[in-house]
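Going by my numbering, the first residue of the sequence shown is number 236, and it counts up by one from there.
The beta carbon of each residue, even a glycine, is placed where N, CA and C say it ideally should be.
Structure record follows, encoded as structure tokens.
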Amino acid sequence: MTTMLLKQGGMRSVSTGTLAGAGSFHCEKCGFAVALQERDEVPICPNCRGGRFKRASIFGRPGAARPESVQVSEHPGWLDDTRASLPEPGDYLAYEGDDGVQLAPLADGWTRVGRSLAAQLRFDDPTVSRRHALVHRDGSRVRVLDDRSLNGLLVNGERVDWREISDGDELMIGRFRLYFLRAPAQPA
């Protein structure tokens, strides 16, 4: 069942907790986008905690706010413990998931991050685009690229198209905050 959002003279807003049907929606307050499936409820905005969304137009919304930056959070308490327990030298993305702290090792080459089943690092969440970001590891260099996501990619609170990242950098992908960790090789 799909709830109709059209009303005379334009589209109406939907509030947090209502079924809105499939599609993309933007927070009325800050412009943060969410992509919903048919039976998903409208969430609270993870960027500004707002509760009212409008359906996004396929032609773009003039004047829609897209977050260019967000407040960088202090490193969470679990980050130091996770860094100390890295299993072996290498590069990792660490984040807090439903099952606690998750650690994703990065191999050389491309790592897809998104909601798609083809993503190596998958987040089944409406604030994450199917193809949200790409992480490229080439020896000692690691770069992240926005893969045409709805909400963009933020590194240390700043919206970027691509950026080289270093140990301790915070990546915001949808509502998730990931931390890049580098475990150096131990001297012989």
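Under 8 Å, with one C-beta from each stretch per pair, do the segment 398-417 and the segment 365-384 reach the 3-pair mark? When C-beta atoms of the segment 398-417 are compared with those of the segment 365-384, three or more pairs fall below 8 Å, so the two segments count as touching.
In this structure, how does DSSP classify Arg424 when only helix, strand and coil are distinguished? Not covered by the structure: residue 424. The range shown for the chain is 236 to 423.
Have a look at Arg383, Asp334, Asp333, Pro324 and flag the residue whose alpha-carbon is nearest the alpha-carbon of Gly349. Of the candidates Arg383, Asp334, Asp333, Pro324, the one whose C-alpha sits nearest the C-alpha of Gly349 is Arg383.
For Pro340, which residues of its own chain have a beta-carbon under 7 Å away from its beta-carbon, when the five flanking residues on both sides are left out? Taken in chain order, the residues that qualify are Gly325, Tyr327.
Short of 6 Å in beta carbon distance, which residues of its chain neighbour Gly403, apart from the five on each side in sequence? Order them along the chain. So the list is empty, once near-sequence residues are dropped.
Name the two residues that bound the continuous alpha helix (DSSP H) containing Ala319. It spans 313-319 - the alpha helix (DSSP H) in which Ala319 sits, taken as one unbroken run.
Report buried or exposed for Arg290, applying the criterion of at least 16 other Cβ atoms within 10 angstroms of its Cβ. The Cβ neighbour count for Arg290, taken over all protein chains shown within 10 Å, is at least 16; the residue is labelled buried.
Pull up the distance between the alpha-carbon of Arg287 and that of Arg366, whole angstroms please. A straight-line Cα-Cα distance of about 25 Å links Arg287 and Arg366.
CA-CA distance, Met236 and Arg274? With a pLDDT of 33 at Met236, under the threshold of 50, the predicted position of this residue should be treated as unreliable, though the coordinate-derived value follows. Cα-Cα distance, rounded: 8 Å.
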